[in-house]
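Chemist: Before anything else, here's the structure in question.
2 protein chains.
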Amino acid sequence: MANRGVARREQILYAAMMVFADHGYHRASLAGIAEQAGISQAGLLHHFPTKQHLLIAVLEVRDRLDVEWMADLDGGTGPRLLVTLLRLVDRNRRLGGLVQIYTALSGESVTDDHPARAWFTGRYERVTASIEVGLRAGADGLRPEVDCGQLAREVVAVMDGLQLQWLLNPEVVDMVAAFRAYATRLIRSSALDPEPVVALLATAVPVPLATHAG
Amino acid sequence: MANRGVARREQILYAAMMVFADHGYHRASLAGIAEQAGISQAGLLHHFPTKQHLLIAVLEVRDRLDVEWMADLDGGTGPRLLVTLLRLVDRNRRLGGLVQIYTALSGESVTDDHPARAWFTGRYERVTASIEVGLRAGADGLRPEVDCGQLAREVVAVMDGLQLQWLLNPEVVDMVAAFRAYATRLIRSSALDPEPVVALLATAVPVPLATHAG
DNA sequence: GTCTATAAACGGATAGAC
DNA sequence: GTCTATCCGTTTATAGAC
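If you read the protein sequences in the order shown, they are chains A and B.
Under our numbering, think of the first position of the first sequence as 182, with each following residue one higher.
Under our numbering, think of the first position of the second sequence as 182, with each following residue one higher.
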C-alpha cells in the first residue's frame, strides 16, 4: 500500500498524455486531465504542483521509453539500423495518439520560451547523435562522401515529416510504406552489397493495408 | 484614402503573423497582436470579428504566397524540380520567423478540432500533388519502381522535418546543406544521366556559412 | 491525500460613446 | 473606424476542512 501514491501518479500521467495528445499543451486544462484521471483538479495539483511540472513528467516518460529504443538501436548498425527504424515507424503507427503528443508538442515548442523547447532541442541532439553512431559503425559499404551526422538528421526528418502528414490525414498517408521506400533507396544508393538488408526491409514489417488513395 | 482600411488590415495581419510565430495560436492574445499593430484590441476586432477569422486570414496570406511558389514549380520537372525546392529551402532559412508560424501552427493543428487543421490537411494534399506532377513530368530517367506520389510526400517530409530541427537549433542544424545532400543522392539513385543537375544543385544556392558544429 | 470553495488573473467578445 | 469600459467564461493556483 506504500505504492498507492505511485499508482495515482501513473494514472494522472496517463490521463495527461491523452489530453495533451488531444489538445496540445496550452489548450489542455488541468480540470480536463483531472476528470480523465478520476480525481479533482486540486487533488491533481497535490501530485504535480504546477501544470509545467506535469508536462515535464510526461516528457520524462518518453525519455524512459527512449532508453528501450536506444537499446534496440545498439542491435543494428549501418543498413540494418534502417530496418530497426522501419519497425519503429510501424510501432508509432500502431501507438497512434501517443505519438501525436510529441508531434503536437514539438510543433508548439518552436515558439519562444515554451517550457518543452529545451527538452526537444536536447532530445534531437541525443537521437541524431545515436543514429549517427549507428550509421558510422556500419559504414563499411558507405560511399565516402556521405556525412553520417547530416544523414542522421535527414533520417529523423523523414520520420517526423511523414508522421505529421500521417497524423493530419491517416486515411491517405501510409508512412510505413513511404519510409520503407526511402530506406530501400537509401541503402541501394549508399552500400556496396545491400541486397540482403533490402530484402529484410521488405519483410520486417507486415505488408500495410494499402490505404493509399486509389 | 479609400485604401486606408486595407492598409490597416495588412498592418494587423503582419502583427498577427509575428505574434503567432512567437507564441503559436492558442497562446497568442488579441491584446498582444493589437499592441504590435498599434491599435486597441476592440479596434482590431472591428477588422477581424474573431480570433479565428484572423487566423484564417493569416493562412490565406500563405495561400497567396503558395501561388507564386507553384509558378516556380511549373518551371522545373523531374530532377530540376529538386533544384527549385533547394532554392525554396534556402528562402525559408532567410525568411526565418515567418516560416516558424507554419511549423508551429502545423504541429498545433494535429490536435482535435483545431481551427487550422482542415487548412493544413488540404494544403499538404495540394502541395504533394503539385510536386508529384512535377516529378512525373520529368520521370524519363526515373527507375520504374518509384512511386511519384509517395516520393512527393517524402520530399515534403524531409523539408518539414529539417525545418523543425533547424528552428529548434539553428546554430547546429544546416537545413540547406542537409537538403542539398538528400536531393543529390536522390537524383543519383533515380535518374539515368543526372550529373548536369547535380552540378546545378551544388551551385544553385550560395555555399552556406558552415555553422555545423565542429 | 483528497476534497470544496475561492482567489486572482487572463482570455475573447460586446456595448456604446465619439 | 477607433476608442474606453465592461461582461463573462475559463484557467491556474491556493486555503483550509475532512
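Think of the CB as a built atom: it goes at the ideal place given N, C-alpha and C, for glycine as much as any other residue.
Because the structure is a prediction, the values reported are computed rather than measured.
1) Indicate whether at least one CB of chain A lies closer than 7 Å to the CB of R291 (chain B).
2) Taking the alpha carbon of A333 (chain A) as the reference point, which residue from B:F360, B:L246, B:R275 and B:I312 has its own alpha carbon closest?
3) Does any residue of chain A have a CB that is nearer than 7 Å to the CB of T258 (chain B)?
4) Determine the direct distance from the alpha carbon of R190 (chain B) to that of L211 (chain B), and round the result to whole angstroms.
5) Would you say D271 (chain A) lies against chain B (beta-carbon separation less than 7 Å)?
6) Regarding L276 (chain A) and the ligand COA, is the C-beta to nearest heavy atom distance less than 6 Å?
7) If the cut is a Cβ gap below 9 Å, which residues of chain B does S210 (chain A) touch?
8) Helix, strand or coil for H228 (chain B), going by three-state DSSP, please let me know.
9) Name, please, each residue of chain A whose Cβ falls closer than 7 Å to the Cβ of F301 (chain B).
10) E249 (chain B) touches chain A at which residues, Cβ-Cβ below 9 Å?
11) With burial defined as no fewer than 16 other Cβ atoms inside 10 Å of the residue's Cβ, what is the status of I193 (chain B): buried or exposed?
12) Is it buried or exposed for E335 (chain B), if we count other Cβ within 10 angstroms and need 16 for buried?
13) Can you name, in chain order, every residue of its own chain whose Cβ lies under 7 Å from the Cβ of R243 (chain B), other than the five neighbours on each side?
14) Please check if any C-beta of chain A sits within less than 7 Å of the C-beta of D341 (chain B).
15) Within the same chain, show all residues whose beta-carbon is closer than 6 Å to that of G205 (chain A), passing over the 5 residues directly before and after it, in chain order.
16) State yes or no: is the C-beta of G315 (chain B) within less than 7 Å of the C-beta of T258 (chain B)?
17) Tell me which residues share the same chain as V339 (chain A) and place their Cβ nearer than 7 Å to its Cβ, disregarding the 5 neighbours each side in the sequence.
18) At least one CB of chain B closer than 7 Å to the CB of Q217 (chain A): is that the case?
Modeler: Taking the definition as stated:
1) Locating residue 291 (chain B) in the second sequence gives position 110, where the first residue counts as 1. Note on identity: in this sequence residue 291 (chain B) is Val, with Arg being the wrong assignment. Judged by the 7 Å Cβ criterion, V291 (chain B) is in contact with chain A.
2) Against the first sequence, residue 333 (chain A) aligns to sequence position 152. The shortest Cα separation from A333 (chain A) among B:F360, B:L246, B:R275 and B:I312 belongs to B:F360.
3) By one-based count along the second sequence, residue 258 (chain B) stands at place 77. For T258 (chain B), the answer is no, since every Cβ of chain A falls outside 7 Å of its Cβ.
4) Your numbering for residue 211 (chain B) matches position 30 in the second sequence. Your numbering for residue 190 (chain B) matches position 9 in the second sequence. Straight-line Cα distance between these residues: approximately 14 Å.
5) Numbered from its first residue, the first sequence carries residue 271 (chain A) at position 90. No, because no Cβ of chain B sits closer than 7 Å to the Cβ of D271 (chain A).
6) Because no ligand of any kind appears in the structure shown, any question about the ligand COA cannot be addressed here.
7) By one-based count along the first sequence, residue 210 (chain A) stands at place 29. The premise fails here: S210 (chain A) is roughly 12 Å from chain B at the closest Cβ pair, so nothing lies under 9 Å.
8) The sequence position of residue 228 (chain B) within the second sequence is 47, counting from 1. Of the three classes helix, strand and coil, the one that applies to H228 (chain B) here is helix, per DSSP.
9) One-based indexing of the second sequence puts residue 301 (chain B) at position 120. Going along chain A in sequence order, the residues near F301 (chain B) (Cβ under 7 Å) are L349.
10) Locating residue 249 (chain B) in the second sequence gives position 68, where the first residue counts as 1. Ordered by position in chain A, no residue passes the 9 Å Cβ test against E249 (chain B), which lies about 23 Å from the chain.
11) Here residue 193 (chain B) is taken as the residue at index 12 of the second sequence, counted from 1. Buried, since its Cβ has 16 or more Cβ neighbours within 10 Å.
12) In the second sequence, the residue the question calls residue 335 (chain B) occupies position 154. By the 10 Å Cβ count, E335 (chain B) comes out buried.
13) Counted from its first residue, the second sequence places residue 243 (chain B) at position 62. Contacts found: Y283.
14) Here the question's residue 341 (chain B) lines up with position 160 in the second sequence. With 7 Å as the cut-off, D341 (chain B) counts as an interface residue toward chain A.
15) As a position in the first sequence, residue 205 (chain A) is number 24, starting the count at 1. Correct list, in chain order: A285 and E289.
16) Within the second sequence, the letter at position 134 stands for residue 315 (chain B). Within the second sequence, the letter at position 77 stands for residue 258 (chain B). Result yes, Cβ atoms of G315 (chain B) and T258 (chain B) sit closer than 7 Å.
17) To locate residue 339 (chain A), count along the first sequence from 1; it is residue 158. For V339 (chain A), where only same-chain residues beyond five positions count, the Cβ hits under 7 Å are F360 and Y363.
18) For this step, residue 217 (chain A) is matched to residue 36 along the first sequence. Q217 (chain A) does not count as touching chain B.
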